[in-house]
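Engineer:
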Amino acid sequence: MSDGLKIVVLIKQVPDTSSAAGVNPDGTVDRVRARKMMNPFDQFALQKAIETRNAHGGEIIVVSMGPPPALAILHEACEYGADKGYLLSDRRLAASDTLATAFALFKTIEFIGNVDIVFTGLQTTDGDTAQVGPQIAERLDFPQVTYCEKMSIEGRTIRASRIIDGGIQRLEVDIPALITIANSASRLEHKRFYNVYRTRELLRDKQTLAKTVMTITLDNIGADPARVGLMGSPTVVGKTWKLGEKGGSCKMFQGDSAKHGVETLIESLSEDERGIEEYVL
Ligand SMILES: Cc1cc2nc3c(=O)[nH]c(=O)nc-3n(C[C@H](O)[C@H](O)[C@H](O)COP(=O)(O)OP(=O)(O)OC[C@H]3O[C@@H](n4cnc5c(N)ncnc54)[C@H](O)[C@@H]3O)c2cc1C
């Protein structure tokens, strides 16, 4: 590991859910008109990659699959500290489900070659399946650590703690490995202005930028077009509907201790004419 680690971070461009731009009256998203941003979960994966590279040496390659505007998040990631990036962009990828997306990203990682660690976010704020990371690990035949909160590296071994129902699981995996990073894993130090300023100046030069973040196609990575897009996507969307139309109110229950807070909550629910059962359901 004398040259350090070759680290890939997968990042996706998603619609900015804090903006009403591009939201159709029926609640569906017009992806062309919608304001876009880096998937917030992926910022934590990038942060962990930066910490890992800074501690062990090596390079960070950010990868995204999406239409040309997704270049913006790769540029942003390089400003934050990634070394270079690839955007996999090809019309034949349109309508890819998670199986097809994972296949295309797996082929991109294979194309990059000799990758030691792949970091992904936990999930996305649009598709929200959390399937892509684990599917890629299976295809690469890499061990995977999902919901990783803490990790350290010694030689070619990663010691990790992952969040599970009711506790923390500690495990060791060998490099190469794929890790999906929990938001509680790190503070987003890379977003500090003094870090960004240095690289933003460097990347102002268009030629440097073009060499730093490259666009590639299915032909470059040798991926069979029949395995992506609609043809490579067995998922059928049966129905979609809008969530959160009911609205509601929020009431805070505080006491001088957790016990007192819970007692106040139970008391309040008992007094409510709908009864506790309705809330429990
Ligand atoms: C039938 C069907 C058709 C679809 N058609 C389209 C379509 O036409 N256009 C469209 O945009 N979406 C489409 N989607 C959604 C698309 O499948 C998902 O956006 C994609 O598979 C990623 O899944 P996810 O968002 O659930 O990611 P998750 O599994 O929740 O993501 C986990 C992590 O994987 C990584 N990751 C996920 N996706 C990417 C990516 N693209 N690039 C880099 N890293 C990534 C990130 O690190 C992320 O944090 C379609 C889905 C279905 C089921």
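Residues in the sequence shown are numbered consecutively from 19, following my numbering. Don't be surprised by glycine CBs; every beta carbon is placed ideally from N, CA and C.
(1) Buried or exposed for residue 33, going by 16 or more other Cβ atoms inside 10 Å?
(2) Mark residue 73 as exposed unless 16 or more other C-beta atoms lie within 10 angstroms of its C-beta, in which case mark it buried.
(3) Check whether the region 132-143 touches the region 56-64, taking contact to mean three or more Cβ pairs, one atom from each stretch, closer than 8 Å.
(4) Any heavy atom of ligand 3 inside 8 Å of the beta-carbon of residue 49?
(5) So, with DSSP's three-state summary, where would you put residue 281?
(6) Rank 169, 253, 186, 247 by C-alpha distance to the C-alpha of residue 193 and give the top, closest one.
(7) Is residue 82 near residue 162, with beta carbons less than 9 Å apart?
(8) Comparing C-alpha positions only, which one of 108, 100, 280, 177 sits nearest to residue 239?
(9) For residue 72, verify whether its CB is less than 8 Å away from any heavy atom of ligand 1.
(10) Would you mind sorting residue 50 into buried or exposed? The rule is 16 or more other CB atoms within 10 Å of its CB.
(11) Consider the C-beta atom of residue 116 and the heavy atoms of ligand 1; say whether any pair is separated by less than 8 Å.
(12) Is it a yes or a no for the region 82-102 touching the region 37-46, going by three-plus beta-carbon pairs under 8 Å?
(13) Would you call residue 253 buried or exposed, if buried means 16 or more other Cβ atoms sit within 10 Å of its Cβ?
(14) Taking 8 Å as the cut-off, does the region 148-160 touch the region 119-127 (at least 3 CB pairs, one atom from each stretch)?
(15) What did DSSP end up calling residue 85 once you bin it into helix, strand or coil?
(16) Mind listing, in chain order, the continuous alpha helix (DSSP H) runs of no fewer than 4 residues lying wholly within the region 180-264?
(17) Just checking my contact of residue 197 with residue 137 at CB under 8 Å: how many whole Å lie between their CB atoms?
(18) So residue 221 and residue 227 are in contact, right, with Cβ under 8 Å, and what is the actual spacing, rounded?
(19) Evaluate residue 46 with the Cβ neighbour count: other Cβ atoms within 10 Å of its Cβ, from every protein chain shown; 16 or more gives buried, anything less gives exposed.
(20) Heavy atom of ligand 1 less than 8 Å from the Cβ of residue 55, yes or no?
(21) Does DSSP put residue 29 in a helix, a strand or coil?
(22) For residue 286, which residues of its own chain have a beta-carbon under 6 Å away from its beta-carbon, when the five flanking residues on both sides are left out?
(23) If you draw a straight line from the alpha carbon of residue 290 to that of residue 35, how long is it in whole angstroms?
Structural biologist: For this structure:
(1) Buried.
(2) It counts as exposed.
(3) At 8 Å Cβ cutoff, the stretches touch.
(4) Looking at this structure, you won't find ligand 3 anywhere; what it does contain is ligand 1.
(5) Reduced to three states, the DSSP call for residue 281 is helix.
(6) Scanning 169, 253, 186, 247 for the CA closest to the CA of residue 193 turns up 169.
(7) Cβ distance not < 9 Å, so residue 82 and residue 162 don't count as in contact.
(8) When the alpha-carbon of residue 239 is set against those of 108, 100, 280, 177, the nearest one is in 108.
(9) No, ligand 1 has no heavy atom inside 8 Å of this Cβ.
(10) So residue 50 ends up on the exposed side.
(11) Because some heavy atom of ligand 1 lies under 8 Å away, the Cβ of residue 116 counts as near it: yes.
(12) No, the region 82-102 does not touch the region 37-46.
(13) Exposed, since its Cβ has fewer than 16 Cβ neighbours within 10 Å.
(14) They touch, by the three-pair rule.
(15) The three-state reading of DSSP puts residue 85 in coil, since its state is none of H, G, I, E or B.
(16) Qualifying alpha helix (DSSP H) stretches, in chain order: 211-220, 224-230, 236-239.
(17) Their Cβ separation, rounded to whole angstroms, is 5 Å, which keeps residue 197 and residue 137 in contact under 8 Å.
(18) At roughly 5 Å, the Cβ-Cβ gap stays under 8 Å, so residue 221 and residue 227 are in contact.
(19) By the 10 Å Cβ count, residue 46 comes out exposed.
(20) The answer is no for residue 55.
(21) If DSSP states are grouped into helix, strand and coil, residue 29 belongs with coil.
(22) A distance below 6 Å between beta-carbons, with the five flanking residues on each side excluded, links residue 286 to no residue of its chain.
(23) About 34 Å.
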